[in-house]
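>
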Amino acid sequence: GKDWAGIRETLTKRYERTKRNVEQFQSEDVFQILMNAFAESYDPHTSYFSPKDFDDFRIQMSQSLEGIGARLTTENDYTIISEIVPGGPADKSKQLHPNDKIIGVGQGLDGEIVDVVGWRIDDVVQLIRGKKGTVVNLQIIEAEALAGAKPKMIAIVRDKIELEDRAAKGDTLEIHHEGKPMRFGVIEIPSFYSDFDGRRRGNNDYKSTTRDVRKLLEGFKSEHIDGVIIDLRRNGGGYLNEAVDLTGLFIKEGPVVQVRNSLGNIDVEEDNDPAVIYDGPIVVLVDRLSASASEIFAAAIQDYHRGIIVGSQTYGKGTVQNALPLQRYIPSYPDKLGQLKLTIAKFYRIDGRSTQHVGVIPDVDFPSRYTLMEIGESSRENALLWDQIRPVPYRELQDFTGILPLIRQRHENRLAGNAEYAKLLHKLDEFNKNRNRAIYSLKEAERQKEREAAEADDPDEENPHDT
2 GKDWAGIRET LTKRYERTKR NVEQFQSEDV FQILMNAFAE SYDPHTSYFS
52 PKDFDDFRIQ MSQSLEGIGA RLTTENDYTI ISEIVPGGPA DKSKQLHPND
102 KIIGVGQGLD GEIVDVVGWR IDDVVQLIRG KKGTVVNLQI IEAEALAGAK
152 PKMIAIVRDK IELEDRAAKG DTLEIHHEGK PMRFGVIEIP SFYSDFDGRR
202 RGNNDYKSTT RDVRKLLEGF KSEHIDGVII DLRRNGGGYL NEAVDLTGLF
252 IKEGPVVQVR NSLGNIDVEE DNDPAVIYDG PIVVLVDRLS ASASEIFAAA
302 IQDYHRGIIV GSQTYGKGTV QNALPLQRYI PSYPDKLGQL KLTIAKFYRI
352 DGRSTQHVGV IPDVDFPSRY TLMEIGESSR ENALLWDQIR PVPYRELQDF
402 TGILPLIRQR HENRLAGNAE YAKLLHKLDE FNKNRNRAIY SLKEAERQKE
452 REAAEADDPD EENPHDT
């Protein structure tokens with residue numbers, strides 16, 4: 002909808018931003034790109050982490066970090082506070098606010114202030130993060146400051162930050178069925194995380210998926226719920242042992258998953274705790290982006306007939322990775338060397354089938370926007386193929402032979418007259434047609450018309466960085 006002058010201005014800004022980003026590339030960035038291109042030519046899940054990227058990965062997996070508790074983004078040459086983490090040091094200090102600009106960073110009360118205007122955001126983040134109890138000095142321009150106003154100096158003591166907004170969340174849902182109210186507990190699990198450092202230090206309150214879900218389930222007891230919905234949609238996985246422990250909240254002792262290494266040796270990961278936190282009805286929601294540990298949990302619930310899986314075919318990542326610190330092999334090297342994440346094994350369901358390539362097929366099919374997209378393990382070059390091994394002894398907890406066909410039929414009947422579902426099917430049909438389309442018009446008016454008709458994607462947003 003812009004005129005040529007507006008289009009030129011927008012493109013010029015984009016090209017200048019791209020040029021600026023490339024000019025800030027360091028040898029570490031080039032090395033990471035090269036190593037990952039090489040590694041992915043053999044295996045889609047083997048990769049190299051630079052020290053900075055591994056730090057981000059560790060934070061994601063533990064859902065915690067040591068810093069000031071602020072999320073940062075960039076605007077032109079400035080680092081901007083996009084959000085203050087509730088309960089963190091920045092929040093408690095009352096000195097830092099959204100839209101404040103950070104223009105300088107110093108270590109300790111008397112440390113030299115480093116000018117960070119024009120810096121890459123990941124480099125600024127590295128300066129602000131630090132060990133719990135240490136002081137970071139920030140030079141800021143307040144959001145409400147007038148042009149030319151003097152920058153403000155603030156000091157914040159770093160602390161451990163729990164990223165609660167990325168942890169498992171629970172809520173209750175009430176519906177009416179045949180004239181009677183029914184309450185369901187809904188638990189959304191974005192990843193399978195665990196604070197291994199906290200666990201190793203013996204912290205009683207360390208974070209993990211299983212511990213958080215356990216608290217939510219215990220909280221549901223007073224709600225007198227009729228069932229629990231576990232939402233694993235868009236959950237890309239995480240720690241394998243968390244998938245095993247989470248399964249243990251819903252079953253008594255028994256095998257959960259088999260792991261076979263490159264030598265063919267098979268280990269059976271089991272739940273050895275006879276306690277069951279919740280023994281009522283379960284539904285597990287999955288989609289094409291549910292991967293790895295999500296598939297382990299969903300497959301175990303399905304194999305035990307402990308609950309019903311609803312959604313679409315999952316990602317199909319049935320491999321196990323382990324991170325190797327390269328510093329271990331060259332201990333005398335003065336700089337940090339990063340980590341190499343290697344595929345070391347495949348995992349298999351307790352019935353012997355692999356989830357590699359095929360994923361978990363839901364008991365009740367409910368397509369999503371991702372159903373026909375070229376995503377999933379089957380779309381990756383050099384991905385390992387599907388196979389199977391011997392099953393391990395286990396006992397199904399319920400007989401679904403008679404009830405599943407009835408559930409599927411009722412599901413189809415409900416969807417038959419649902420306008421939103423019909424709209425989704427139409428979009429999927431259009432997507433499938435366009436995917437196989439060979440001829441496109443070069444007329445701007447026609448392309449614009451097609452684009453407006455198919456506009457359904459969410460706007461892209463830059464991901465904020467936690468400090």
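2 is the number of the first residue of the sequence shown in the working numbering; add one for each residue after it.
Glycine included, each C-beta is placed from N, C-alpha and C at the ideal position.
What did DSSP end up calling I8 once you bin it into helix, strand or coil?
Here I8 sits in helix by DSSP.
> With 16 other CB atoms within 10 Å as the buried threshold, where does I104 fall?
Burial call: buried.
> First and last residue of the beta strand (DSSP E) that includes I331?
Taken as a continuous stretch (DSSP letters only), I331 belongs to no beta strand (DSSP E), as it is neither H nor E.
> When you compare only the Cα positions, how much space is there between P406 and D366?
If I take the Cα positions, the gap works out to 12 angstroms.
> Looking at F193: is its Cβ nearer than 9 angstroms to the Cβ of S63?
Against a cut-off of 9 angstroms, the Cβ pair of S63 and F193 comes out as no contact.
> Any idea if F251 is buried or exposed, counting beta-carbon neighbours within 10 angstroms, 16 or more meaning buried?
Classification of F251: buried, given that the 10 Å Cβ count is 16 or more.
> When you compare the CB positions of P275 and Y395, do they come within less than 9 angstroms of one another, or not?
Not in contact: P275 and Y395 (Cβ atoms no closer than 9 angstroms).
> Leaving out five residues before and five after D304 in sequence, what residues of the same chain have Cβ atoms less than 8 angstroms from its Cβ?
Same-chain partners within the cutoff: R350, I351, D352, Y395 and E397.
> Report the CB separation of G238 from D272 in whole angstroms; it is logged as a contact under 8 angstroms.
G238 to D272, Cβ: 19 angstroms. No contact.
> Please classify I440: is it buried, with 16 or more other beta-carbons within 10 angstroms of its beta-carbon, or exposed?
Per the 10 Å Cβ criterion, exposed.
> According to DSSP, simplified to helix, strand and coil, what is R72?
It is a strand residue.
> What do you reckon, are the CB atoms on L164 and M154 nearer than 9 angstroms?
No; because the gap between Cβ atoms is not below 9 angstroms, this pair is not in contact.
> Would V115 and L97 be called neighbours here (beta carbons separated by less than 9 angstroms)?
In this structure, L97 does not lie closer than 9 angstroms to V115 by Cβ.
> Could you please give me the residues that DSSP links to M154 through a beta bridge?
Beta-bridge pairing links M154 to Q140.
> Note down, one range per segment and in chain order, each alpha helix (DSSP H) of at least 4 residues found wholly within the segment 292 to 378.
As far as the segment 292 to 378 is concerned, its whole alpha helix (DSSP H) runs of at least 4 residues are 294 to 304.
> Considering only heavy atoms of the ligand PLP, does any lie closer than 8 angstroms to the CB of S333?
This structure simply doesn't include the ligand PLP, nor any ligand for that matter.
> On the three-state DSSP scale, how would you describe R438?
Note: R438 maps to coil in three-state DSSP.
> Roughly how many angstroms lie between the CA atoms of I34 and A40, to the nearest whole one?
Straight-line Cα distance between these residues: approximately 10 angstroms.
> According to DSSP, simplified to helix, strand and coil, what is G199?
The answer is helix: DSSP assigns G199 an H, G or I state.
> Report yes if the C-beta distance between K469 and I85 is below 9 angstroms; otherwise report no.
Given that the chain is displayed from residue 2 to residue 468, the structure contains no residue 469 and the question cannot be resolved.
> Just verifying my parser: in three-state terms, what is the DSSP assignment at V285?
Three-state result, V285: strand.
> Under the DSSP definition of a beta bridge, which residues are partnered with G112?
None, per the DSSP bridge assignment.
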